[in-house]
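The sequence shown runs 149 to 489 under this note's numbering.
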Amino acid sequence: MAEQSSTARSDPHPSYQPHIVPEDDHELYDDDSDGASIESSTASLSSSIMNYRYGHYLDSKCAPASNLQADMNPMMNESKIGWTWYASLWLPAVIQAVSYCCQHHHIWSMITGGDLYRAPLPPGVSKILDLGTGTGSWAIDVAELPPNCKFEIDDFESPWNFTQPFDFVHVRNIEGSVKDYPRLFKQALANLEPGGWFEVADSTVGLFGDDDTIEKATSLSEWRDRLIEASGKFGKPMGVSHNYKQWMIDAGFENVTEELYKVPFSPWAKDRKLKELGRYQQAMMLEALEAYSLALFTRVLGWNVARIQLLLVGVRKELMDRSLHIYSRYYIVYGQKPKAS
149 MAEQSSTARS
159 DPHPSYQPHI
169 VPEDDHELYD
179 DDSDGASIES
189 STASLSSSIM
199 NYRYGHYLDS
209 KCAPASNLQA
219 DMNPMMNESK
229 IGWTWYASLW
239 LPAVIQAVSY
249 CCQHHHIWSM
259 ITGGDLYRAP
269 LPPGVSKILD
279 LGTGTGSWAI
289 DVAELPPNCK
299 FEIDDFESPW
309 NFTQPFDFVH
319 VRNIEGSVKD
329 YPRLFKQALA
339 NLEPGGWFEV
349 ADSTVGLFGD
359 DDTIEKATSL
369 SEWRDRLIEA
379 SGKFGKPMGV
389 SHNYKQWMID
399 AGFENVTEEL
409 YKVPFSPWAK
419 DRKLKELGRY
429 QQAMMLEALE
439 AYSLALFTRV
449 LGWNVARIQL
459 LLVGVRKELM
469 DRSLHIYSRY
479 YIVYGQKPKA
489 S
């Protein structure tokens, strides 16, 4: 059966992607992790992040990029700079946002096998700009040492006024934080050295499946549709990651590459690593539901809290249901500024 998206909008990715094989029904709950409370399960997964060892396991059309630490000349460390700019987000609780960002960073690391980026950066890269850096985990990792990072708080949608161009501009998880994506991409191009690289990584707000079990995820479908509706009305749309490749091309980048990964919403996949990814994705979503929903649904859509909580009861139930073979799409898109610029 062709890959499905429970939405009336056209699906930007056809069915040539490999389907995820689901776990046998009699083994779906063998680990009994769903018998524990949401809070204890999330806490356990969060603590395991600290001791996790990453390895490549997800297939991709592209060869893995080298780890920056391996390519980087140690003598360049002192001149390496990591910047951060802030964009307004719908994550009001600071502690909850930190936990969410840490889990999301871990999922990205699992997807890439621990690589910090996928763009084919040459050795000697020393000037790096990280937008919307969150907890700073990526920036500190790529800088190798915290003193090599400089953090700034500003709006990255304002005009950039840097005095020197960068070798690499990186941004992650910006759906719902940007009013004008094409303008942002053009600013990234204008602030790169000729031959420099721009990379965007995002998990789109969407609901996808390879079989008809997706039709049973009615609460998740409703939640997704309302998030996209509310964020669009607010002026910072979600569900747009499938446009990144074209926006990057339109901005003037060359050698633009899109990598797409399927991440299960729960540990329903037969593959061991995809099952593990699903466990972290499930915990992250359960923890972030209210933070994503309350402000947008009340202030933009005019819902009351009781109506939101009623919907979220159904969403949580479906996230815990491993018979629903549903997943998210994670995008990594990177392109190069023309060397002749």
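Using N, Cα and C, we set each Cβ at its ideal position, and we do this for glycine too. Computed from a predicted model, the values in this text were never measured in an experiment.
- Between the region 397-408 and the region 444-463, the count of C-beta pairs closer than 8 Å stays below three; the two stretches do not touch.
- No residue range can be given for Phe445, since it is assigned to no beta strand (DSSP E) and is classified by DSSP as neither H nor E.
- Beta-bridge annotation (DSSP): Glu347 is paired with His318 and Tyr482.
- In the same chain as Glu305, and ignoring 5 residues on each side of it, the C-beta atoms closer than 8 Å to its own belong to Ala235, Val326, Lys327, Asp328, Arg331 and Leu332, in chain order.
- Taken through DSSP and simplified to helix, strand or coil, Ser379 comes out as helix.
- Glu323 is not a Cβ neighbour of Tyr482, given a cutoff of 7 Å.
- Comparing C-alpha distances from Leu437 to each of Leu422, Phe299, Arg374 and Arg470 shows the shortest one belongs to Arg374.
- Taking all protein chains shown into account, Phe310 has fewer than 16 neighbouring C-beta atoms within 10 Å of its C-beta and is therefore exposed.
- Residues Tyr392, Lys393, Tyr479, Ile480 and Val481 of the same chain have their beta carbon placed closer than 8 Å to that of Glu406, with the five preceding and five following residues left out of the count.
- Within 10 angstroms of the beta-carbon of Asp173 lie fewer than 16 other beta-carbons, which makes it exposed.
- Pro385 sits in coil when the DSSP states are folded into three classes, being neither helix nor strand.
- When DSSP states are grouped into helix, strand and coil, Glu402 belongs to the strand group.
- Put simply, the backbone Cα of Gly387 is about 5 Å away from that of Thr352.
- Excluding its 5 nearest sequence neighbours in each direction, Pro486 has C-beta neighbours in its own chain below 6 Å: Glu402, listed in chain order.
- DSSP places Ile276 in the uninterrupted beta strand (DSSP E) bounded by Lys275 to Leu279.
- Leu340 sits in a strand when the DSSP states are folded into three classes.
- Look at Asp303 here: in three-state DSSP terms it is strand.
- For Leu293, there is no enclosing alpha helix (DSSP H), since its DSSP letter is neither H nor E.
- One Cα belongs to Gln429, the other to Ile255, and the distance between them is close to 7 Å.
- DSSP places Gly462 in the uninterrupted alpha helix (DSSP H) bounded by Val453 to Leu467.
- The C-beta separation of Phe316 from Ala378 comes to about 33 Å, leaving the pair out of contact by the 8 Å criterion.
- In the structure shown, the three-state DSSP call for Val411 is strand.
- Straight through space, the alpha carbons of Val319 and Leu368 are spaced by roughly 27 Å.
- For Pro412 against Ile168, the beta-carbon gap comes to about 7 Å, under 8 Å, which counts as contact.
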